[in-house]
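**Student:** So the protein sequences, as listed, match chains A and B.
For the first sequence, the numbering used here begins at 1 and goes up steadily by one.
For the second sequence, the numbering used here begins at 1 and goes up steadily by one.
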Amino acid sequence: MSKAGMLYIDSDTLFHRMDGAAKLIVLAVWTVVVFLFQDIRIFVPLFLIGIIMLLSAKLPWKRIRLLVWLMIVFNIFNSLFTLAITPAYGSEVSGSTTVILDLGYNVLTLETVVYVLTLSMKYMSLMPITVLFIYTTHPTRLASSLNRVGVPYKVAYAFSIAFRYIPDMQAEFRNISNAMQARGLGFGKGEGTLSQRLKHFVSIAIPLVQSSLHRIETISNAMDLRGFGKHSKRTWYSATVWHREDYIVIVTSLIVLIAAIAWRVQGYGTFWYPY
Amino acid sequence: MKQSIFNFDTKTVVAIGIGAALYGLLSTITIPLVPQTGLRPAIAILTIFGALFGPVVGFLSGAIGHIITDLTWGGGTIWWSWVLGSAISGLGMGLVYASSSFNVNEGRSTKGNIVTLAISGSVALAVGYGISSILDVYLFGEAPDKMWVQFYASAIANIAVHLILGVSAVLGLLKLNRRNSNLRVLK
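1) Determine the chain B residues that contact residue 86/A at a beta-carbon separation under 7 Å, and present them in chain order.
2) Return the chain-ordered ranges of every alpha helix (DSSP H) run that is complete within the segment 112–187 of chain A and spans a minimum of 4 residues.
3) Along the chain, which unbroken stretches of the alpha helix (DSSP H) at least 4 residues long are found entirely within the segment 69–121 of chain B?
4) With 16 as the cutoff for other CB atoms within 10 Å, does residue 16/B come out buried or exposed?
5) Step through the CB atoms of chain A and report whether any lies within less than 8 Å of the CB of residue 189/B.
6) Can you give the Cα-Cα distance for residue 46/A and residue 125/A, rounded to whole angstroms?
7) Quick one: does residue 10/A have its CB under 8 Å from some CB of chain B?
8) What residues of chain B sit near residue 273/A, judged by a beta carbon separation below 9 Å?
9) I want to verify the contact list: residues of chain B whose CB lies under 7 Å from the CB of residue 134/A, in sequence order.
10) So, with DSSP's three-state summary, where would you put residue 32/B?
11) Below 8 Å on the Cβ atoms is my contact criterion, and I expect residue 50/B with residue 94/B to pass it. Report the Cβ-Cβ distance as a whole number of Å.
12) Is the segment 44–62 of chain B touching the segment 166–179 of chain B in the sense that three or more CB pairs, one from each, lie closer than 8 Å?
13) Examine chain A for any beta-carbon lying closer than 8 Å to the beta-carbon of residue 8/B, and answer yes or no.
14) Can you find the residues in the same chain that come closer than 7 Å, C-beta to C-beta, to residue 58/B, ignoring five residues on each side of it along the sequence?
15) Going by the CB atoms, is the gap between residue 14/B and residue 219/A shorter than 8 Å?
16) Name, please, each residue of chain B whose Cβ falls closer than 8 Å to the Cβ of residue 165/A.
17) Give a yes or no on whether 8 Å exceeds the smallest Cβ distance from residue 177/B to chain A.
18) At 3 residues or longer, and completely inside the segment 59–107 of chain A: list those beta strand (DSSP E) runs for me, N to C.
19) Less than 6 Å between C-beta atoms, sequence neighbours within five positions excluded: which residues of the same chain meet that for residue 265/A?
20) Mapping the DSSP letters down to three states, classify residue 109/A as helix, strand or coil.
21) Kindly list, in the order they appear in chain B, the residues whose Cβ is closer than 9 Å to that of residue 229/A.
22) Can you tell which of 107/A, 41/A, 213/A, 34/A has its C-alpha closest to the C-alpha of residue 130/A?
23) Assign residue 242/A to buried or exposed, taking buried as 16 or more other Cβ atoms, counted over all protein chains shown, within 10 Å of its Cβ.
24) What's the C-alpha gap between residue 67/A and residue 107/B?
25) Would you grab the beta carbon distance between residue 19/B and residue 85/B for me? Rounded to a whole angstrom, and I think it's under 8 Å.
26) If you draw a straight line from the C-alpha of residue 197/A to the C-alpha of residue 148/A, how long is it?
27) Going along the chain, which residues of the segment 156–175 of chain B sit with their C-beta nearer than 9 Å to a C-beta in chain A?
28) Is residue 43/B close to chain A? Criterion is C-beta to C-beta, closer than 8 Å.
29) On a CA-only basis, which of 126/B, 104/B, 111/B is nearest residue 148/B? Give me that one, please.
30) Where does residue 38/B sit, in a helix, a strand or coil, going by DSSP?
31) Quick check on residue 173/A - is its C-beta less than 8 Å from some C-beta in chain B?
32) In its own chain, which residues sit with a C-beta less than 7 Å from the C-beta of residue 276/A, not counting the 5 before and 5 after it?
33) Would residue 2/B pass as an interface residue toward chain A - the criterion being a Cβ-Cβ separation below 8 Å?
34) Let me check understanding here. Comparing Cα to Cα, which of 16/A, 268/A, 178/A lies closest to residue 139/A?
35) Between the alpha carbons of residue 93/A and residue 31/A, how many angstroms are there, rounded?
36) In whole angstroms, give me the CA-to-CA distance for residue 5/A and residue 224/A.
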């Protein structure tokens, strides 16, 4: 089981006890709400609520550190990229122009800076809930909850297989790449030109694909022998019973969803510019 | 009783899972071009799995594999728009599977099949990631001009990987499987 729980961190908090399907619904509602709006005044509270939820799940910082840094680095690069390519886009959206810098090919406006901050906060507000979801839901329970929210069980099972075999494939990838490096093929920076490195990559990929194809045969035979797919429905060993808190969370998130849509339809929540 | 289209056989289920794991794992290898987009050799996995197992496996491996990459290495956000792009790409690469003269496991193919694979895959990559870029503008509110730059970069890089790595890998597999059999089909 330890292999299957690649990201999962075992603990006993509210979010660990909650059913995967309930968490999946919260994640979906959260995503839709974030997609609906373009207002930093909504993203900052959402981000803070997310952070509070994340803290209450007591995930060790050491394990989630990398994801948080990746997100921050991504936001910085994405913002700089947006500022460099479309320095006046914010004025197009907000309808006002406040020039702060002349770049030659275009002007950088204050509106674009606000726009870039809004966009970064939009991405950041999605992060805590996603991290919470993946670190508190066991992969096998993820499959059963996907099935519960209406995903056909064979698709849900494919999901579970993918999660289950990633560590195995990582190990295999490392083995092949070590073997290839021992033969003198380089994959890192400065170990050859781009085309050489791509060629060397193929020399790992081909054995990896070949062994994966064999693996498919083995696994599907084993599953067939155990009668997988005989019936049109399937029960899950890891399925949990819904408790009161699951119902409360689902009802709350559905109310939030309806409120958000109603608010958006009335025309609120478009790009907000303070000045 | 009507059969659901999701009622595929066990091998398909496993192929989706393993294809997704491979695509997800190899997607971490990126040669960056512009932020968030780069040259991803993993696209070749979609070509191989599409050609071997068909459009359904291509579509779902692309989608699940992309979700896995985003969850584990994407900074904690699932880019649903790009998930759809990968899925559509996988679907396009599997279209050639429907042709009766094409079967990788038996090492059978015609020149036309390979051309179809190359073209349908390239078109699917352009359409799929084009839809992703448009969705990014509407869902995330990204600047359209910036999305065009990302779209061109990703489309060109991915099509190059598909044609150079993907199609040649399929050709390699075809040759390998052909060599395994000394029998000829007389018609």
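Beta carbons are placed, not taken as given, at the ideal position from N, Cα and C, and that holds for glycine.
Quick caveat, the model's predicted, so the values are computed rather than measured.
**Tutor:** This is what the structure gives:
1) Residue numbering aside, residue 86/A sits at position 86 when the first sequence is read from its first letter. Correct list: 143, 145, 146.
2) 139–148, 153–182
3) 80–93
4) Here residue 16/B refers to the residue found at position 16 when the second sequence is read from its first residue. Buried: at least 16 other Cβ atoms inside 10 Å.
5) Given a span of 1 to 187 for chain B in the structure shown, any question on residue 189/B remains unanswerable.
6) In the first sequence, counting from the first residue as 1, residue 46/A sits at position 46. In the first sequence, counting from the first residue as 1, residue 125/A sits at position 125. Cα to Cα, residue 46/A sits roughly 6 Å from residue 125/A.
7) The residue given as residue 10/A occupies position 10 in the first sequence. No, residue 10/A does not count as interfacial toward chain B.
8) Against the first sequence, residue 273/A aligns to sequence position 273. The contacting residues do not exist; residue 273/A stays about 13 Å from chain B at best.
9) As a first step, residue 134/A is located in the first sequence; it is residue number 134 there, counting from the start. Those are 71, listed as they occur along chain B.
10) The residue labelled residue 32/B in the question sits at position 32 within the second sequence. DSSP places residue 32/B in strand when its eight states are reduced to three.
11) Position 50 of the second sequence, counted from the first residue, corresponds to residue 50/B. Position 94 of the second sequence, counted from the first residue, corresponds to residue 94/B. With a Cβ gap of about 4 Å, residue 50/B and residue 94/B count as contacting.
12) yes
13) Here the question's residue 8/B lines up with position 8 in the second sequence. Yes, contact with chain A.
14) As a position in the second sequence, residue 58/B is number 58, starting the count at 1. So the qualifying residues of the chain are 46, 49, 50, 90, 91, 93, 94.
15) Here residue 219/A corresponds to residue number 219 of the first sequence, with the count starting at 1. Here residue 14/B corresponds to residue number 14 of the second sequence, with the count starting at 1. A contact, by the Cβ cut-off of 8 Å.
16) The residue you call residue 165/A lines up with position 165 of the first sequence. Those are 17, 18, 21, listed as they occur along chain B.
17) Indexing the second sequence from 1 puts residue 177/B at position 177. Judged by the 8 Å Cβ criterion, residue 177/B is not in contact with chain A.
18) 99–102
19) In the first sequence, residue 265/A corresponds to position 265, counting from 1. Within the same chain, residue 265/A has no close Cβ partners at all.
20) Indexing the first sequence from 1 puts residue 109/A at position 109. Strand, per DSSP.
21) As a working mapping, residue 229/A is identified with position 229 in the first sequence. What residue 229/A touches in chain B: 7, 8, 9, 10, 13.
22) Start at 1 with the first residue of the first sequence, and residue 130/A comes out as number 130. Minimum Cα distance to residue 130/A is reached at 34/A.
23) Residue 242/A sits at position 242 when you count from the first residue of the first sequence. When all chains shown are included, residue 242/A counts as exposed.
24) By 1-based counting over the first sequence, the position of residue 67/A is 67. By 1-based counting over the second sequence, the position of residue 107/B is 107. Spanning the two alpha carbons is a distance of roughly 43 Å.
25) Taking the second sequence and counting its residues from 1, one reaches residue 19/B at position 19. Taking the second sequence and counting its residues from 1, one reaches residue 85/B at position 85. With 8 Å as the limit, residue 19/B and residue 85/B do not qualify as a contact, their Cβ atoms being about 16 Å apart.
26) To locate residue 197/A, count along the first sequence from 1; it is residue 197. To locate residue 148/A, count along the first sequence from 1; it is residue 148. Their Cα atoms are separated by approximately 44 Å.
27) 161, 164, 165, 168, 169, 172, 173
28) Within the second sequence, numbered from 1, the residue matching residue 43/B stands at position 43. No, because no Cβ of chain A sits closer than 8 Å to the Cβ of residue 43/B.
29) Counting from 1 along the second sequence, the entry for residue 148/B is found at position 148. Here the closest residue by C-alpha is 126/B.
30) Counting from one through the second sequence, the residue named residue 38/B turns up at place 38. Here residue 38/B sits in strand by DSSP.
31) For the purposes of this step, residue 173/A is identified with residue 173 of the first sequence, where counting begins at 1. Chain B contact via Cβ: present.
32) As displayed, chain A neither begins before 1 nor continues past 275, which places residue 276/A out of reach and without an answer.
33) Residue numbering aside, residue 2/B sits at position 2 when the second sequence is read from its first letter. Note that residue 2/B has pLDDT 45, beneath the 50 cutoff, so the model's placement of it is unreliable and the number below is only indicative. It does not; no Cβ of chain A falls within 8 Å.
34) Locating residue 139/A in the first sequence gives position 139, where the first residue counts as 1. Per the Cα distances, 16/A.
35) Translated into positions along the first sequence, residue 93/A becomes position 93. Translated into positions along the first sequence, residue 31/A becomes position 31. Roughly 22 Å separates the two Cα atoms.
36) For the purposes of this step, residue 5/A is taken as the residue at position 5 of the first sequence. For the purposes of this step, residue 224/A is taken as the residue at position 224 of the first sequence. With a pLDDT of only 43 at residue 5/A, under the threshold of 50, the placement of this residue in the model should not be trusted; the figure read from the coordinates follows. So the alpha carbons of these two residues sit roughly 25 Å apart.
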